[in-house]
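**Q** In UniProt numbering, the protein residues as written are 1 to 378.
Each residue gets a CB set at the ideal place from its N, CA and C atoms; glycine is no exception.
The structure under discussion is supplied below as structure tokens; questions concerning it will follow.
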Amino acid sequence: MNIGLLGMGTIGSGVFEILEKRSDIRVSRVLDIRDIAGLEGRLTRRFEDILEDPAIDTVVELLGGLEPAHTFAVRSMQAGKHFVTANKLMVSTHFSELMRVADEAGVEFRFSACVGGGIPYLYNLLRARRADRVLEVGGIVNGTTNLILDTMQSTGADFQEVLLQAQRMGYAEADPSADIDGLDARSKLSISMNLAFDVCIDPAAIPTAGIRHLHKGDVEAFAALGYACRFLTRAVRQEDGRLSAYVEPTLLPASAIEAAVGKNDNLISFTGEYAGVQKFFGQGAGKFPTGYAVVEDLIDILGPDRLPLCGRYAPTDLANHLVSQSYYLRTSAPLNVEAESLGENRYRTRPLPVGEMHSRAEEMRRADPELFFAGIRE
1 MNIGLLGMGT
11 IGSGVFEILE
21 KRSDIRVSRV
31 LDIRDIAGLE
41 GRLTRRFEDI
51 LEDPAIDTVV
61 ELLGGLEPAH
71 TFAVRSMQAG
81 KHFVTANKLM
91 VSTHFSELMR
101 VADEAGVEFR
111 FSACVGGGIP
121 YLYNLLRARR
131 ADRVLEVGGI
141 VNGTTNLILD
151 TMQSTGADFQ
161 EVLLQAQRMG
171 YAEADPSADI
181 DGLDARSKLS
191 ISMNLAFDVC
201 IDPAAIPTAG
211 IRHLHKGDVE
221 AFAALGYACR
231 FLTRAVRQED
241 GRLSAYVEPT
251 LLPASAIEAA
261 VGKNDNLISF
271 TGEYAGVQKF
281 FGQGAGKFPT
291 GYAVVEDLID
301 ILGPDRLPLC
311 GRYAPTDLAN
321 HLVSQSYYLR
331 TSAPLNVEAE
341 SLGENRYRTR
351 PLPVGEMHSR
361 AEEMRRADPE
371 LFFAGIRE
């Protein structure tokens, strides 16, 4: 296999280092705008050098962002080249189109690294789907937010202090919005749902609340109530077949498995009608964990036993009124929900549908931009 590698950043360099030790997969060309020592003769700034090279049969995209990654994906597959990516934003946003293009071109489209990094989650989800009916997917899928929550709870530090520390350590970006506002987790949930339920979910349709406005006092309140906070994704197939999905900080009993997940680790699960709950733990990001998952996809394309991706993937509306729970709410705005006071502008709401809580929180946020809420899972 000869590949064209798009992007020589953190993950790209990890993939490159792993592949340089193999004889069956060769990095023929590397696309990057920088001059990189050691890549003389292979480095290019022109995507067309990769696209038009008949010896390159597979393109690996590790640029991130929507464009030009999306255009490169479509053009690569239309040119008859297999395509592998770790770009969850691009895959979740253009899922239906990319699957269709791959199917029409008769090429492989793989993205195992998009959810869980080095954790073999999507691969096993596809295997389970062959023999089981998946009922639920979700869990801790963002290492940055888990690191922040775990550190705040273990040290008593405030949010901004921990975020700055995570940025200095390289776990959080200079602009951390995708992580702390839940957009990264939302993309990962959308992809998981598409594969698990054979649908095509618009990520923007998934109600999402982040941890940007979490305060030290909230964490102290969680502990007093006997809870730990983790940032969770969840999608459920209801008995009538409709789907509910949401992304939000969630309070869990201290005895819950998710409450014990520390630092920047992930814990992702799916539930089958026959097999029950299966959980996958490990590093959800990083140079070599994510690079390893990309290489696994390449090896799968080489091998004879390829798990099929193609399905009908029909557009589907969410039914978030079918899931109800109580919420922890901290706000100085006038309440528009029934709730009991926990003191200091903190409340526990009555059980109400997930979609309704997200809508009501948005209304209250007009009067209190610092509002924070978290689901309570008993």
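Taking just the CA atoms, how far does ARG26 sit from LEU349?
**A** Looking at the sequence provided, one finds Thr at residue 349 rather than Leu. So the two alpha carbons sit approximately 57 Å from each other.
**Q** Which ranges would you report for the alpha helix (DSSP H) in the segment 287–354 if only whole runs of at least 4 residues count?
**A** 287–302, all fully within the segment 287–354.
**Q** Helix or strand or just coil, what does DSSP make of PHE109?
**A** If DSSP states are grouped into helix, strand and coil, PHE109 belongs with the strands.
**Q** Tell me whether TYR171 is buried or exposed, calling it buried when 16 or more other Cβ atoms sit within 10 Å of its Cβ.
**A** Classification for TYR171: buried.
**Q** Mapping the DSSP letters down to three states, classify GLN167 as helix, strand or coil.
**A** Reduced to three states, the DSSP call for GLN167 is helix.
**Q** When you compare only the Cα positions, how much space is there between GLY64 and ALA86?
**A** Going from the Cα of GLY64 to the Cα of ALA86 covers about 8 Å.
**Q** Here's a check: name, in chain order, each residue in its chain whose Cβ is nearer than 8 Å to the Cβ of ALA223, leaving out the five neighbours to either side.
**A** GLN153.
**Q** DSSP three-state label for LYS21, please.
**A** Coil.
**Q** Take the Cβ of VAL236 as the centre, count every other Cβ of all protein chains shown within 10 Å, and call the residue buried at 16 or more, exposed below.
**A** The residue is buried, with at least 16 neighbouring Cβ atoms inside 10 Å.
**Q** To the nearest whole angstrom, what separates the beta carbons of MET90 and ALA113, a pair I think is in contact under 8 Å?
**A** Rounded, the Cβ-Cβ distance is 12 Å, inconsistent with contact.
**Q** Identify which residue in PRO120, ALA209, LEU322 has its Cα closest to the Cα of PHE280.
**A** Nearest of PRO120, ALA209, LEU322 to PHE280, Cα basis: PRO120.
**Q** Compute the Euclidean distance between the alpha carbons of LEU62 and PRO54, then round it to the nearest angstrom.
**A** Their Cα atoms are separated by approximately 21 Å.
**Q** Exposed or buried, what is PRO207 when buried is set at 16 or more other beta-carbons lying within 10 Å of its beta-carbon?
**A** Result: buried.
**Q** Expressed to the nearest angstrom, what Euclidean distance is found between the alpha-carbon atoms of GLY9 and SER76?
**A** Going by the C-alpha atoms only, they are around 20 Å apart.
**Q** Are the beta-carbon atoms belonging to VAL60 and VAL15 less than 9 Å from one another?
**A** Going by C-beta atoms, VAL60 is nearer than 9 Å to VAL15.
**Q** Rounded to the nearest angstrom, what separates VAL294 and LYS216 at their Cα positions?
**A** Their Cα atoms are separated by approximately 38 Å.
**Q** Counting Cβ pairs closer than 8 Å, one from the segment 339–355 and one from the segment 318–330, do we hit at least three?
**A** Yes, the segment 339–355 touches the segment 318–330.
**Q** If you draw a straight line from the C-alpha of PHE83 to the C-alpha of SER92, how long is it?
**A** Rounded to the nearest angstrom, the two C-alpha atoms are 15 Å apart.
**Q** How close, in whole Å, do the beta carbons of ILE11 and ARG29 come, if the pair is a contact with beta carbons under 8 Å?
**A** Not a contact, Cβ separation roughly 17 Å.
**Q** Given this structure, state the Cα-to-Cα distance separating ALA228 from ASN264, to the nearest angstrom.
**A** For ALA228 and ASN264, the distance between alpha carbons rounds to 16 Å.
**Q** On the three-state DSSP scale, how would you describe SER255?
**A** Reduced to three states, the DSSP call for SER255 is coil.
**Q** Which class does ILE268 belong to by DSSP, given the choice of helix, strand or coil?
**A** DSSP places ILE268 in strand when its eight states are reduced to three.
**Q** Under a three-way DSSP split, which group does LEU43 fall into?
**A** It is a strand residue.
**Q** Report the rounded CA-to-CA distance for LEU267 versus VAL261, giving the unit in angstroms.
**A** Approximately 7 Å, taken between the alpha carbons.
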